[in-house]
Each structure stands twice: as structure tokens, then as C-alpha cells.
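Trainee:
Residue numbers (the working numbering): 130 to 579.
1. Who are residue 203's beta bridge partners in DSSP?
2. With 16 as the cutoff for other CB atoms within 10 Å, does residue 242 come out buried or exposed?
3. Terminal residues of the continuous beta strand (DSSP E) containing residue 465?
4. Nearest-angstrom Cα distance between residue 369 and residue 327?
5. Should residue 205 go down as buried or exposed, given a rule of 16 or more other Cβ atoms within 10 Å for buried?
6. In chain order, what residues of the same chain have a beta carbon less than 7 Å from the beta carbon of residue 501, not counting five sequence neighbours either side?
7. Do residue 165 and residue 239 count as a contact pair if the criterion is CB distance below 7 Å?
8. Under 7 Å, do residue 163 and residue 140 count as touching if we go by C-beta distance?
9. I think residue 410 touches residue 385, with their Cβ atoms under 8 Å apart; what is that distance to the nearest whole Å?
10. With burial defined as no fewer than 16 other Cβ atoms inside 10 Å of the residue's Cβ, what is the status of residue 580: buried or exposed?
11. Spatial neighbours of residue 482 within its chain, please: CB distance less than 7 Å, with the 5 preceding and 5 following residues excluded, ordered by chain position.
12. Closest to residue 200 by CA distance: which of 225, 417, 535 is it?
13. Could you please give the first and the last residue of the uninterrupted alpha helix (DSSP H) stretch that includes residue 486?
14. In terms of residues, what are the limits of the beta strand (DSSP E) holding residue 215?
15. Look at residue 514 and residue 553 and say whether their C-beta atoms are less than 7 Å apart.
16. Excluding five sequence neighbours on each side, which residues of the same chain lie with their C-beta closer than 7 Å to the C-beta of residue 465?
17. Taking residue 429 as the reference, which of 334, 138, 533 has the closest Cα?
18. Within the chosen definition, does the stretch 242-260 reach the stretch 304-316 through at least 3 CB pairs nearer than 8 Å?
19. Assign residue 432 to one of three DSSP states: helix, strand, or coil.
20. For residue 260, I'd like the list of residues in its chain whose CB is within less than 7 Å of its CB, leaving aside the five on either flank, ordered along the chain.
21. Per DSSP, residue 458 is paired with what?
22. Near residue 202, which residues of its chain fall below 8 Å by C-beta distance, leaving aside the five closest residues on each side in sequence?
23. Taking residue 211 as part of the alpha helix (DSSP H), name the residues at either end of that continuous run.
24. What would DSSP say about residue 152, mapped onto helix, strand or coil?
25. Where does residue 297 sit, in a helix, a strand or coil, going by DSSP?
26. Ordered along the chain, which non-local residues of its own chain (more than five positions away) have a Cβ less than 8 Å from that of residue 355?
27. Where residue 445 and residue 467 are concerned, what is the direct C-alpha to C-alpha distance, given to the nearest angstrom?
28. From this set, 183, 448, 146, which residue's C-alpha is nearest residue 418's C-alpha?
29. Quick check: the Cα distance between residue 258 and residue 231, rounded to an integer number of angstroms?
30. What does the Cβ neighbour count give for residue 530, buried or exposed, with the cut at 16 atoms within 10 Å?
31. Would you mind sorting residue 312 into buried or exposed? The rule is 16 or more other CB atoms within 10 Å of its CB.
32. Kindly indicate which residue of 223, 290, 161 has the alpha-carbon position closest to the one of residue 189.
33. Inspect the beta-carbon positions of residue 379 and residue 330 and report whether they are closer than 7 Å.
34. According to DSSP, is residue 449 helix, strand or coil?
35. Taking 6 Å as the cut-off, does the CB of residue 238 come closer than this to any heavy atom belonging to the ligand ADP?
36. In chain order, what residues of the same chain lie with their CB nearer than 7 Å to the CB of residue 194, ignoring the 5 residues before and after it?
Following this line, the structure appears as C-alpha cells:
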């Protein structure tokens, strides 16, 4: 049994190849994770196993090697690039007499440092408490069960049980708070949805340059750093595309390989922006030799959070490192699929805006609609969204508006009392005058008036 040191950032990094040699790229990424957390790597231990050892994960021989490496380098911390079970973590700590942190715990520590919003801090704290809740047993000497004997009997509850109860209570409090915040966020999203503005979400592997691109597009003072998970809390800004179309752009947290499901919940607030987006800009580090694997990892997380069905444009960033030219790649139908840019150098940004405007135009239709003269609030929202292309007054005093809106927004307007869709450009639109949808909506309104 030992007392865990409370300070110290000198770390030994551990990475095993399970069934294959250790990939240097994986080890380099884990080193970047450690540096992002503020650790100072002083030694590295690698090895290969067919399967994890149930006691130490590493195997007894490799665990002894790790203990000697920690002593020789005077390390305070052991960082292991794998998910450990609570018993494996405790067994290693008892053998090596150093703090042991697995990959999940390291990422959560980085999240705790990066979270700035109230919601983000609550989400990270909840994830941390759930992570350490099963790791209390025999981790600290002050948590040992009370011994029997004269003068050693306690009041009836051990320190271990007390800590478990406190954690359980805190988890319940955080869960209730987050549920309330989520409800408020959904209410705010419904209010914003009344102003029909398309939304873009920047997604991609961590350190691919999302925040740099966000700053280049919006001019916002977003935090930019050459480190993993530099952005955790979502940042949202409005920009205008060629032609005057207004869109909302959201910067999100970067994804990473082997991101466990329980950690995805630790940044749900920023991932919500991806799920609710009209179009995803998938940022890829074009200079990274493993960009194909990273792209697949991001798509895997998007599928996990329910955002795989949202259209996306691949944005190959950092082309300045490849000596490559800016360009747009198109599919067989002529649709923009990928754009090659350098966000740091400001190269290709106009091409990117052009591609986004082109893709969003496929979601929008030009239409004419008639609203009552008293519908000033609706008219103001449409103008605020820059969706109005023209206006005239009819003989009966009603207002006719020429607008450019996505089908879903036109459908919502069709269900609004007093709004009449006069004309929709584009074949096959569910909003076309006389369509079954509009007839049913009109009938519903008529029945309400009766």
C-alpha cells in the first residue's frame, strides 16, 4: 500500500502493440496527448503482446521493467496508452508505487483543463467522477477499511464508503443540472430555428486546424494552439457567403482514435452543434500520412453520435506543407466534394466559401409567399435571416415576400396560420402549391378556424 503523490508531472509513457509491433505514429500521438496535459515525458516503455495480461495488462516482466524505468528516471507518473480495468490500475500502482493513469483518464484530464463554459465543466466533472468511482478501492492508504481491535473501531462507516456516497450524491446533482441545461439549450435551439439560417459545423481529427480555419472564416478570436484538444467548448459565429447568404459556423472539439463511448458524453454540448448542422465541414490534415485513418476515425464518431447522415465537404487543410495548389474536387455529377486549402496562410478560403454556397443552394429554394399585414414578427425574423429577396403589398393589404429558404423552413411556414405559399421554384418540391402536404396543412388550419 502507498500514498499517492499529489504533485509531479514527470511521466513514463507506455504503449503496447497487441498482436503487432507498436506503430510509431500511435506513440507520437500519445506523446502529444501527454504534452497537452502538461506532463513531461522522461522515458518510454514499449512492447508487444498477443493479448492483455489480466493482472497488469503489460505482463509481469514488462511491469518490472516499467518499475525500474520509473525509478531510474525519477518519474512521478505512469501514463499508459490503453484503457485499464480498475484492478489492473491498482495492481500496477501497488507494484510501481507511482500514480498510474490510463488513456481515458488522461483525455479526461485534458478536457478538465480545456473546458471553459459552465456546461462543459459539469460534463467533464461528471465523466471524471464516473471514471474514478470504480477506482477507489485500495488506491489511497487513507481509504483502507478500518481495522478491528480495541481503540481501532470506527463510527460505523469507513472512509471508502463515505467517499463512494459523496461521489454518488455529486453524480446525481450533476445529472440533474445537466438535464436542466440540456432542456434550456433545446428551448434556445427551437427559438433560433425560427430564424431560418443554415448552420455549418467544423469537425475533424484533433489538431487538424479547425480553430485556425474558424478564425480565418469568421475573424473570431478563437483559441488556436498546436496541441491536441485545444478546443472543447463550442464557439458559434455568423458569416456571409458569396451572394449574401448568411450561415452560422460552429467550431467543435477534435476527435481522436480509440475514443471510448463514455468519453463522447463528456463533450456532448459541442457535439450537439454537429448533430444539428445543415452541412459538415470535415477538416483533414492533408500533410499527415495517416489522414485516411484519421478521416475514418472521425466518421466513426459521427456515426456514433447520430450525425453520419448529414452532408459533408472534405476540407484538406495545410496544403502549404505539401506545396500543393488550392482546388475544388468534384464528383461525377459536378458537386463539390472536397476543397484543398491552407487556413493558416489564408489560401483557398474563397474556394471553400464558393463550395459551401453551392452545396447549400441545393437545400434552398426560391419561393413567393403571402403573410398577413399583422405578421410583423414573422416578417422581421425573415429579414433578420437575410432570407427576403423582395417585397410587395397586395390589394387586400397583405404582404407578398420573395424568399430563399430550405424546404424544411418552407414546410414550417406552410404550417403557420395565415401564411400562404404562392409559388416555389424547383420541381418535386413538397412545398409546391397544390401538393398533398400543403393541402393537408391548409385543411388543418381551416378546421381550426371553424
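Heads up, the beta-carbon is just placed ideally off N, CA and C, and yes, glycines get one too. Small disclaimer: the values here were computed from a predicted structure and weren't measured.
Mentor: Checking against the coordinates, here is how it stands:
1. Answer is none; residue 203 lacks a bridge partner.
2. exposed
3. 465-469
4. 11 Å
5. Residue 205 counts as buried, since at least 16 other C-beta atoms from the protein chains shown sit within 10 angstroms of its C-beta.
6. Apart from sequence neighbours up to five positions away, the residues of its chain that approach residue 501 with a beta-carbon distance below 7 Å are 527, 547, ordered along the chain.
7. yes
8. yes
9. Contact doesn't hold; Cβ gap of about 18 Å is too wide.
10. In this structure the chain extends from 130 to 579, so residue 580 is not present and cannot be described.
11. 370, 371
12. Out of 225, 417, 535, 225 has the C-alpha closest to the C-alpha of residue 200.
13. First-last of the alpha helix (DSSP H) with residue 486: 478-490.
14. It is not in any beta strand (DSSP E) - residue 215 instead sits in the alpha helix (DSSP H) that spans 215-225.
15. no
16. For residue 465, where only same-chain residues beyond five positions count, the Cβ hits under 7 Å are 442, 457, 459, 484, 487, 488.
17. 334
18. Under the three-pair Cβ rule at 8 Å, the stretch 242-260 counts as touching the stretch 304-316.
19. helix
20. 233, 234, 237
21. 467
22. 139, 141, 171, 172
23. DSSP places residue 211 outside any alpha helix (DSSP H), giving it a letter other than H or E.
24. coil
25. helix
26. Because residue 355 sits at a pLDDT of 49, beneath the cut-off of 50, its placement in the model cannot be relied upon, and the point is left open.
27. 7 Å
28. Among 183, 448, 146, the Cα nearest to that of residue 418 belongs to 448.
29. 15 Å
30. So residue 530 ends up on the buried side.
31. exposed
32. 223
33. yes
34. helix
35. In the structure shown, the ligand ADP is absent, as is every other ligand, since no ligand is present at all.
36. 174
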